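In terms of numbering that gives the first Met the number 0, the sequence shown has 24 at position 25, counting the first letter as 1, and numbering is strictly consecutive. Don't be surprised by glycine CBs; every beta carbon is placed ideally from N, CA and C. A quick note: this is a predicted structure, and the numbers were derived from the prediction, not measured. Take a look at the structure set out below.
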Amino acid sequence: MSRQKVVLIPGDGIGPEITAATTRVIAAAGADIEWVLCLAGESALEQEGEVLPQRTIDAISEHNVALKGPCTTPVGKGFKSVNVQLRKAFDLYAAVRPVRNLPGVETRFSDVDLIVIRENTESLYSGVEAEITPGVVTSTKVATVKGCTRIAKWAFEYARAKGRKKVTAFHKANIMKLTDGMFLRCAEEVHRDYPDIEYTTAIIDAACMRMVQDPTQFDMLLLENLYGDVVSDLAAGLVGGLGVTPGANFGEDRAIFEAVHGSAPDIAGQDKANPLALLMSGVMMLKHLTETSGDESYAEAAEKIKAAYDSCLQAGEKTADLGGKLGTQAFADAVIARLQ
Ligand code: NAI
């Protein structure tokens, strides 16, 4: 087995608890990883004087892969989101968020199996905001042909690689005719090269209603940045909440794996957080390590972890957000005990 170096960013709030739980499970599954510990977020500001230290950027540049806990962003004031800064620094333009029902986690629907693909670098997240005059502020939504085309291509490539049948773009091009209009035109153009995959579009407000009425009618969703952010959480709610929804951010050469949820300050430091979403992100990371290194042992460790947490959930070994009684570390222990 070739030992891979992976940057580990514990993050803020529940981040240190869930990253500790996740790395313990990954080690117990036999994946040979050397973690390169780096800080980002409030913890980095406190300990190293800046929210995104150069050391963290250099480490990700060097090792290409990171597993990241959530980082807190002040609301309505203060520093720019570290998460957004990281995605921009490495041009991690494609966020992938699989949303599936899990065994033992009962929800209204039983066969949800969606993949949300979110454009990660443009839209209203461009940070172009201005005060035109006191009492009047603007936020600029940015869309480029390059950005819209590459995310569409990424989505269709991913669909083909994973044997998916249909991609649906959510939009509001009836109102934002230029920006969302460009997003749709680029996706349509890209789709010409993928006739084997069905492509449909849906206006986002009605699409959200359809999602909560019957999410099984969707397969893969393609969304610009803000819509992707919002719809990811909506989709998480369909399968048990933020504790069970993993994610990954991909660029051309680098990838950062992180859960969809945030730093959950309301439960931080109490051993209450569900580490599963980050653990599932870790499973995605292990599969990625096999793809980049050719070493099958990472994918094997991923399968073992997946089987172990499925078996825990089925046996009712769950954290409180899923109706169980286990704390963060006890859940990690339960998964480790079921590794085979
Ligand atoms: P949040 O996702 O942190 O929390 C929303 C609700 O879900 C809370 O009640 C929380 O307790 C619960 N929750 C979240 N993760 C959970 C888990 N693993 N187990 C059990 N319950 C969980 O969203 P919120 O409160 O809007 O944001 C808090 C902070 O996180 C903000 O500063 C925000 O900017 C940041 N954030 C960071 C993200 C990242 O680092 N990628 C993503 C989203 C938000």
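{"Check": "Test item: CB-CB of L183 and A172 under 8 angstroms", "Outcome": "yes"}
{"Check": "I255 beta carbon less than 8 angstroms from that of Y226", "Outcome": "no"}
{"Check": "Cβ shell of Q84 (< 6 angstroms), same chain only, five flanking positions each side left out", "Outcome": "L51"}
{"Check": "Rounded straight-line distance, which links the Cα of G240 to that of G146", "Outcome": "30 angstroms"}
{"Check": "Extent of the continuous alpha helix (DSSP H) to which T200 belongs", "Outcome": "Here T200 belongs to no alpha helix (DSSP H); instead the beta strand (DSSP E) covers E197 to I202."}
{"Check": "Host alpha helix (DSSP H) of H190 (start-end)", "Outcome": "T178 to H190"}
{"Check": "Sheet register partners of S122 (DSSP bridge)", "Outcome": "V141"}
{"Check": "Per DSSP, cross-strand counterpart(s) of L221", "Outcome": "I116 and A168"}
{"Check": "Bounding residues of the beta strand (DSSP E) (the contiguous stretch that carries T132)", "Outcome": "E128 to T132"}
{"Check": "Boundaries (first-last residue) of the beta strand (DSSP E) holding L36", "Outcome": "I32 to L36"}
{"Check": "As assigned by DSSP and simplified to three states, the class of K216", "Outcome": "It should be pointed out that residue 216 corresponds to Gln in this sequence rather than to Lys. Three-state result, Q216: helix."}
{"Check": "Rounded separation between K140 and T132 - CA only", "Outcome": "19 angstroms"}
{"Check": "Any non-hydrogen atom of the ligand NAI within 7 angstroms of C37 CB", "Outcome": "no"}
{"Check": "When K324, I304 and L325 are compared against R337, the one with the closest alpha-carbon", "Outcome": "I304"}
{"Check": "Residues sharing a beta bridge with V282, DSSP", "Outcome": "Answer is none; V282 lacks a bridge partner."}
{"Check": "Expected contact under 8 angstroms - CB spacing of I17 and P274 to nearest Å", "Outcome": "4 angstroms"}
{"Check": "Three-state secondary structure (DSSP) of K4", "Outcome": "strand"}
{"Check": "Distance cut 5 angstroms, beta-carbon to the ligand NAI heavy atom: residue list by chain order", "Outcome": "P69, C70, T71, T72, N82, L241, G242, H260, G261, S262, A263, D265, I266, A272, N273 and D320"}
{"Check": "Cβ pair count under 8 angstroms reaching 3, the stretch 66-73 against the stretch 271-290", "Outcome": "yes"}
{"Check": "Complete alpha helix (DSSP H) runs within the stretch 41-105 (minimum length 4 residues, chain order)", "Outcome": "41-47, 53-62 and 81-88"}
{"Check": "C-beta neighbour in chain B for I17, strict 8 angstroms", "Outcome": "Going by chain labels, chain B is absent from the structure shown, which holds only one protein chain."}
{"Check": "Start and end residues, alpha helix (DSSP H) containing A331", "Outcome": "T327 to A336"}
{"Check": "Residues bridged to N22 [DSSP beta-bridge criterion]", "Outcome": "In the sequence as displayed, the identity of residue 22 is Thr instead of Asn. Note: T22 sits in no beta bridge, so no partner."}
{"Check": "N- and C-terminal bounds of the beta strand (DSSP E) containing A28", "Outcome": "Segment: none, A28 is in no beta strand (DSSP E) and carries neither H nor E."}
{"Check": "Among F78, A263, R253 and G261, nearest to S60 - alpha-carbon criterion", "Outcome": "R253"}
{"Check": "Closest residue to L221 among T71, D195, L113 and I8 (Cα-Cα distance)", "Outcome": "L113"}
{"Check": "Cβ separation of L288 and Q3, assumed to be a contact under 8 angstroms, to the nearest whole Å", "Outcome": "5 angstroms"}
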